[in-house]
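Input: a single structure, listed below in structure tokens.
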Amino acid sequence: AGCSNSTSGTDSGKDKGDALPAVGATIYKFDDNFMSYVRRAMDTAAKDKVKLMLNDSQNDQAKQIEQVDTLIAKGAKSLAINLVDPKAAQTIVDKAKAKNIPVIFFNKEPDASVLAGYDKAYYVGTTSSESGVLQGELIAKAWEANKDKYDKNKDGKLQYVLLKGEPGHPDAEARTKFAIDTVKEKGIQVEELAMDTAMWDAMKATEKMDAWIAKYNDKIEFVIANNDGMALGAIASLEKAGYFSGDKFMPVVGVDAIPEALEMIESGKMVGSILNDAKNQGKATIDLAANAANGKDVLDGTEWKLDDKKAVRVPYIEVTKENIQVGRDAYK
Amino acid sequence: MSESSTTNLLEMLNITKRFPGVLALDNVSLKVKPGSVHALMGENGAGKSTLMKCLFGIYSMDEGKILFDGKEVSFANSKQALENGVSMVHQELNQVRQQNVMDNIWLGRYPKKGIFIDEKKMYQDTAAIFKSLDISIDPRSKVSTLSVSEMQMVEIAKAVSYHSKIIVMDEPTSSLTETEVNHLFRIIKRLQSENVAIIYISHKMEEILKISDEVTIMRDGQYIATKSSKSLTTDEIIKLMVGRDLSQRFPEKINKPGELILKVSDLTAETQSSFSNVSFELRKGEILGIAGLVGSKRTEVVEALFGMRSLTSGTIELNGKVVKNHSPQQAIKNGFALVTEERRSTGIFPELSISFNSIISNMKQYKTKSGFLSDRKVAEDTQWVIDSMKVKTPSQKTSIGSLSGGNQQKVIIGRWLLTKPDILLLDEPTRGIDVGAKFEIYQLINQLAAEGKGIIMISSEMPELLGVTDRILVMSNGKAAGIVETASTSQEEIMQLAALY
Amino acid sequence: MNTQASKKSSFSKWLVDNVIYVVLILLVVGIVSASPDFLSMTNLINILSQSSSRIIIALGVAGILITAGTDLSAGRMVGLAAVISASMLQAGDYAYRMYPNLPELPLIVPIVIAMAATGLIAALNGVIVAKFHVPPFIATLGMMIGVYGLTSIYFDRPPYGAQPIGGLSKAFTTFAQRGIKIGQYEFPYLIFYAIVVSLIIWVIWNKTQLGKNMYAIGGNPEAAKVSGVNVARNLIIIYTIAGLLYGLTGTLEAGRVGSATNNTGNMYELDAIAACVVGGVSLSGGIGTVPGVITGVLIFQVINYGLAFLGVSPYIQFIVKGAIIIVAVAFDMRKHAKKK
Amino acid sequence: MNTQASKKSSFSKWLVDNVIYVVLILLVVGIVSASPDFLSMTNLINILSQSSSRIIIALGVAGILITAGTDLSAGRMVGLAAVISASMLQAGDYAYRMYPNLPELPLIVPIVIAMAATGLIAALNGVIVAKFHVPPFIATLGMMIGVYGLTSIYFDRPPYGAQPIGGLSKAFTTFAQRGIKIGQYEFPYLIFYAIVVSLIIWVIWNKTQLGKNMYAIGGNPEAAKVSGVNVARNLIIIYTIAGLLYGLTGTLEAGRVGSATNNTGNMYELDAIAACVVGGVSLSGGIGTVPGVITGVLIFQVINYGLAFLGVSPYIQFIVKGAIIIVAVAFDMRKHAKKK
Ligand SMILES: Nc1ncnc2c1ncn2[C@@H]1O[C@H](COP(=O)(O)OP(=O)(O)OP(=O)(O)O)[C@@H](O)[C@H]1O
Ligand SMILES: Nc1ncnc2c1ncn2[C@@H]1O[C@H](COP(=O)(O)OP(=O)(O)OP(=O)(O)O)[C@@H](O)[C@H]1O
Ligand SMILES: OC[C@H]1O[C@@H](O)[C@H](O)[C@@H](O)[C@H]1O
Ligand SMILES: [Mg+2]
Ligand SMILES: [Mg+2]
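Protein chains in written order, with this note's numbering: chain A, 1260 to 1591; chain B, 4 to 504; chain C, 14 to 353; chain D, 14 to 353.
Here it is, written out as structure tokens:
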């Protein structure tokens, strides 16, 4: 199994485990495709440095809070927390503070006031809105460059359908809002034909897309998806309807830049995606957590920098056919 | 009209009730005098239970009216009926088996202390009722641990405990033995002396004439007659019920016991409190009765023969060869068939059709060469069951649950006859069956015996055992107390043996 | 006079007995009157093809429900089969193959392997239920959790970790996504697979001893035993057949979307059970028909597709969907109205 | 000789009747022998406090199960209550308040509002089941979908849209997160809330007419009806009580986690139902006890906590958890062993 049995802190490796300081980590959802890479990067970075105790919060904040209790009971020297629900950070900080344990939040950002309220709390990750902004820029660029082809009804407006992730999910909300806002800010007029949730799910996306194609047919000029999974689902539906063969084309964008999506970008069925830099998120998280566990300054011996919110920022990267290698390298 | 309503406690007038495809009651009337025992008689499916359910608020009637205690009533539900002085012992046991006896008795009207249940009062009141009725059952025991007859006695006690003006008893004795029947009759007499009226439904002729004051007879959902019991004989009742003469109650015996077919030696059940060291023999073409008091483990013996219970010792030899029946499948394969005692829990598939219920044990016979079932053969055999058992049903597709109890029983017997068994085990086969149908079943049993089958029949009806069997095995407290020749024995001898251990 | 009354009552009886078909028709009429262009061949084909794999899984679940059982692990088995078959059906030139050195297999091989895997697990469900008398709810709940763990371990592996398994071979996607052109319309093969499976299941339920035993076990297990039905064996077979159907569904799902993850099939069992119940299958066993199950699935799919087509806002969709389910079944229940 | 044998058999009978307690003890012994430091006061307190809100929701669900019903909407109602109470209990100085102008309310007000909301919805469940004869599975499935829509609409609103509702007031988080210090240990209030609720429910089930009726309705609804029990009214009350408990659970969850979203409580019903069944509640109704339900929840929580504490890899945890559930119940089932 690709999970972390080398370092995930089964108590079997006592001799080695006792020597190394223990870092308690929670992943909001183990099989999230992006987080699975972060996880792997953390494993790699933790080797011979700390004993990493990884937990799967199964997308349930209450479960995560309980795992934090368990980790503290097991004697974690520092915590690395990938929140399920960013607003729950305070509860975790309260628990850690009571035992004077440092916390590194990663990937999902807590309110600044929470970080400010505990001197041993830090954040590693992106800015949640960034993926939306970058996706918006990608859409705008593609539109401007291919207006004559994309603007099928020649009204100068971009008619889109949007596949949303789980309603209320911070990423889904941020991406939906900032992608469209950014396109508008670039001075492009847009018209929303349809927006519906496909719950991050490729299958559901295929089925929603089936209905939209039946309803709007050639009126759709752009398909925007909150993640690549749903973008792939939409492509399956579009292919069924005859797109991507001959000169029938539909621009599709997603977020995550998962390998499957890279293939689609390569073959021209996707305009592009937004890559989360898993390697560096995972590495930075462990670097900070290990230092904290050893009682050192969190940045000790690293190249990371904290901004004014005590956060290490790892940027998102836009991936298109031109820079596809950037995406490929992320999975090396 | 008005003068009669002054003397009658209950008048049900011109009641009509339809079910999809069935006219269950067609303009039926019933008048019951206070303090009288009024028997309601009719063949299976005549509409007796339905009429009572209309009274009790379980069914709503389509037409007609009910006068009770001089007032017109139409109970919307059982609660209203109970509160207005009508209680009922239902034909099918209606108990919450997971709860204890007193919970069941006071269900719907628990004694309370403030907002809490007064368990102590509940216990004392139950004990008092049981004492006054001479019933010895622990009010705290779970219903599921009681025997069927004990459950029935609890039901009767419950109905009595409402202090109603009228109590409906729908086949209360179908799972009681002689002693308990007499016990019930003592209770009824006492109620009568307290001016309580009883509507009494039963298929047992002897009981009717012994206990009732008046008899109303129904046939095919219609009212036939109401007569004073004194002026009636069994034969007359039967004639009114079936619409023709039925000269004898038991058919002429035509079977001739031949060579040995089944030899049971030293059968002992795994459960300690069950039967032990039971031995007997059965010949081809013989009808062996099993008599005994309730709890004498007659049922468990036949269940063991049929592979439903584990044995610690003993052998079963069929045609000289030892057979092992570890499951009903094996038993069926070895040529056994069992009509069980509890129709509802181990007999019928209530939601499924008559056809399904007829053929389920005989499936292999309907397989065609391609491995699929032949609809034609299935239909033929279903029709055979309906015709030969005289099942009253609108169609083969009717669900068995909507048939009257007696008709359900006929289908189950038919099911087993279809398997053409060598050994037919019958556990109270005529329970709840009307006289006409009983006669037909006796005839069938005779005929099967005449064809050389071996038949074992448990019955709590002494006349039936004496009228149908060749020999009778008497069980007493889990042991075989003796085997008697039917032709030369008497009711007294059997009773003595039954009380041996 | 009399015949008229009885005619009327026989029509109303027919109506009551066939409420679910009426509900389906009413739903369609409702959507069409809100948006007349709903009435198109394309929409019909979409709904039918979206219903196809759901019908297959629902028929598996229905058999178990008829035995008075249930199967919470159905969705997770679909996921397992999806992941297994996808991993063996990646195109030879795809960069991220799970088995880089595996030759392109003929379609049938991975399908059989996937079905064998889910068939085996489902048989285990059957054994646990039939031999160890664990209530089906718990047996299959435990299995649902366990199978998810198993699928995740299979899925989240080197070389690429927890990534959707994509890049499926042309043959596979054709098998699951394309169809037969009739005139200007393409009828997806999926629809035909569903028809074939439905026919087979119909025959099993109605024309074989296994089918009769299934109803008997659900109708009254004690009576079934006494009637000589080998309850345990029949249960195990029925669970196994369901497992095979889940395996097929999983394969089709992977092909239909063009990829699979360990979350494929998540919660499908709930939809399937709900569709069965809406289609008249009794959760207490003994009752259910193939056309009923198919209609149940279609009702759900018409609701899902119709609401999306109408562009109802997502949150409102949930409310409307919940309400329709309840109301549809409430109507259907009138045929069992208690006080007669 | 004889007494010895009967002593032995009465002990083995006791054992068989109380298997679930034995299972719980065996689990703890197993974990302790793998990792002796599991045996600590901290771990005990953690497990108890984590079980607390689960016990409350499970007791609500259990009442419904005992009536031979089920409740799939329980988790979503927890979510609704969580969102409602959190939205009214945000600290006065928190920047992203849903109701910027709402004064800080006394704790009891939002709790009562949340419980009233879920109580009402649950009563509606009861009405649908009791009056319209919709099978509980479908009624509550429809409600589960609908309530999610409702919660989402409430949740996803101006001024901040679909943001988790955080920044809860000190009073609220204290109420749900703090506890009573005894010696060096802090026993969370949660544990005491669960104890109080358990006692109340125990009294209802065992000492009141409602409780007896509940068992009767589940054991044999026909018998209850012909004995004059108002089945519909009792059912509606039992569903409503369950709803009130979900409301309380939702409030406690929001306070415990420190925030709430429309996803709070998702799938809690499955855990609750499973815990009930493991704790001896019969899905076919009529059977179940308060100590049984509590033990069922504890078994689940010991498994969850224990596996995490042992550091078992997450995917393997699923497999082990699934297996334990099945095996535990298989043992328990021996008390109902069929063949006599
Ligand atoms: N719920 C029902 N649905 C449809 N038909 C019914 C229903 N209940 C009774 N019937 C039909 O009404 C008729 C009368 O049945 P009922 O049970 O009243 O007979 P009964 O006289 O009590 O017979 P038995 O002596 O066998 O108990 C039968 O034909 C039966 O099939
Ligand atoms: N599963 C069981 N659990 C507890 N007690 C049982 C069980 N089965 C039978 N009994 C007890 O056995 C006795 C009944 O035995 P059995 O049914 O063999 O008697 P019977 O002579 O056949 O009576 P009947 O004439 O009513 O058929 C009852 O006292 C009952 O309480
Ligand atoms: O919560 C699940 C989601 O999380 C997002 O961050 C990711 O981009 C999505 O692909 C999806 O996995
Ligand atoms: Mg009757
Ligand atoms: Mg008996």
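Just so it is clear, CB atoms sit at the ideal spot from N, CA and C, and this is done for glycine as well.
Just so it is clear, the structure is predicted and the values come from calculations on it, not from any experiment.
Asked	Found
Are Asn365 (chain B) and Asp384 (chain B) closer than 9 angstroms when you measure CB to CB?	yes
Where Ile230 (chain C) and Ala237 (chain C) are concerned, what is the direct C-alpha to C-alpha distance, given to the nearest angstrom?	6 angstroms
Following a CB-centred definition, is Ser405 (chain B) positioned closer than 8 angstroms to any heavy atom of ligand 1?	yes
DSSP on Gly268 (chain C), reduced to helix/strand/coil?	helix
Can you look up His186 (chain B) in the DSSP assignment and give me helix, strand or coil?	helix
Along the segment 1405-1435 of chain A, what residues have a CB closer than 7 angstroms to any CB found in chain C?	Pro1426
Enumerate, from N- to C-terminal direction, the unbroken alpha helix (DSSP H) stretches of 4 or more residues contained entirely within the segment 42-108 of chain C.	54-79, 87-101
For the putative contact between Val91 (chain D) and Ile70 (chain D), defined by C-beta atoms under 8 angstroms, what is the C-beta separation to the nearest angstrom?	6 angstroms
Given Cys1262 (chain A), which residues of its chain have a CB within under 6 angstroms of its CB, disregarding the five upstream and five downstream residues?	Unreliable placement is indicated for Cys1262 (chain A), whose pLDDT of 37 sits below 50; no coordinate value is reported for it.
Return yes when the C-beta of Glu262 (chain B) is under 8 angstroms from any heavy atom of ligand 1, and no when it is not.	no
Which word fits Met156 (chain C), buried or exposed, when buried means at least 16 other C-beta atoms lie within 10 angstroms of its C-beta?	buried
Jot down the residue ranges of each uninterrupted beta strand (DSSP E) in the segment 1344-1376 of chain A, minimum 3 residues, whole runs only, in chain order.	1362-1365
Leaving out the 5 sequence neighbours to the left and right, which residues in its chain are closer than 6 angstroms to Ala189 (chain D) when beta-carbon positions are compared?	Leu265, Gly268, Arg269
Starting from the beta carbon of Lys334 (chain C), find every residue of chain G whose beta carbon is closer than 7 angstroms, and list them in chain order.	Absent from the structure: chain G. Protein chains present are A, B, C and D.
In the DSSP output, what is Gly1384 (chain A) paired with across the bridge?	A:Arg1572
When you compare the CB of Ile69 (chain B) with every CB in chain D, is at least one pair closer than 9 angstroms?	no
Among the residues of its own chain, which have a CB less than 6 angstroms from the CB of Leu257 (chain C), if the five just before and after it don't count?	Met128, Gly132
Confirm, please, whether the CB-CB distance from Asp1315 (chain A) to Pro9 (chain D) is below 9 angstroms.	What the structure shows of chain D is the stretch from 14 to 353, and residue 9 (chain D) is not part of that stretch, so it cannot be assessed.
Taking 9 angstroms as the CB-CB cut-off, is Gly180 (chain D) touching chain A?	yes
Note down the Cα distance separating Thr274 (chain B) from Asp345 (chain D), rounded to an integer number of angstroms.	21 angstroms
Starting from Asn80 (chain B) and walking both ways along the alpha helix (DSSP H), at which residues does that stretch end?	Here Asn80 (chain B) belongs to no alpha helix (DSSP H), and DSSP marks it neither H nor E.
Below 8 angstroms CB to CB, which residues in the same chain sit around Lys334 (chain C) once its five sequence neighbours on both sides are set aside?	Ile316, Asn317, Leu320
Since His146 (chain C) sits in a beta bridge, which residues does DSSP pair it with?	Note: His146 (chain C) sits in no beta bridge, so no partner.
Mind checking if Gln222 (chain D) is an interface residue toward chain B, Cβ cutoff 9 angstroms exclusive?	yes
Please report how far the alpha carbon of Lys2 (chain B) lies from the alpha carbon of Ala343 (chain C), in whole angstroms.	Any property of residue 2 (chain B) remains undetermined from this structure, which presents chain B solely from 4 to 504.
Where in the segment 1436-1510 of chain A do unbroken runs of the beta strand (DSSP E), each at least 3 residues long, occur, reported from the N-terminal end onward?	1449-1456, 1481-1484
Could you please give the first and the last residue of the uninterrupted beta strand (DSSP E) stretch that includes Thr511 (chain B)?	Here chain B comprises residues numbered 4 to 504, so residue 511 (chain B) is not present and cannot be evaluated.
With DSSP as the reference, label Gly132 (chain C) as helix, strand or coil.	helix
Can you name the residues of chain D whose CB is closer than 7 angstroms to the CB of Gln98 (chain B)?	Asn233, Ala236
Please report the residue range of the beta strand (DSSP E) in which Tyr198 (chain C) lies.	198-201
In the DSSP assignment, what residue or residues form a beta bridge with Asn1412 (chain A)?	Answer is none; Asn1412 (chain A) lacks a bridge partner.
Report the rounded CA-to-CA distance for Phe119 (chain B) versus Val242 (chain D), giving the unit in angstroms.	17 angstroms
How about the segment 80-88 of chain B and the segment 155-164 of chain B: do they share at least three Cβ pairs that are nearer than 8 angstroms?	no
Could you check whether the Cβ of Lys115 (chain B) sits closer than 9 angstroms to any Cβ belonging to chain D?	yes
Got a sec: is the Cβ-Cβ distance from Gly162 (chain C) to anything in chain D below 9 angstroms?	yes
Heavy atom of ligand 1 less than 8 angstroms from the Cβ of Gly45 (chain B), yes or no?	yes
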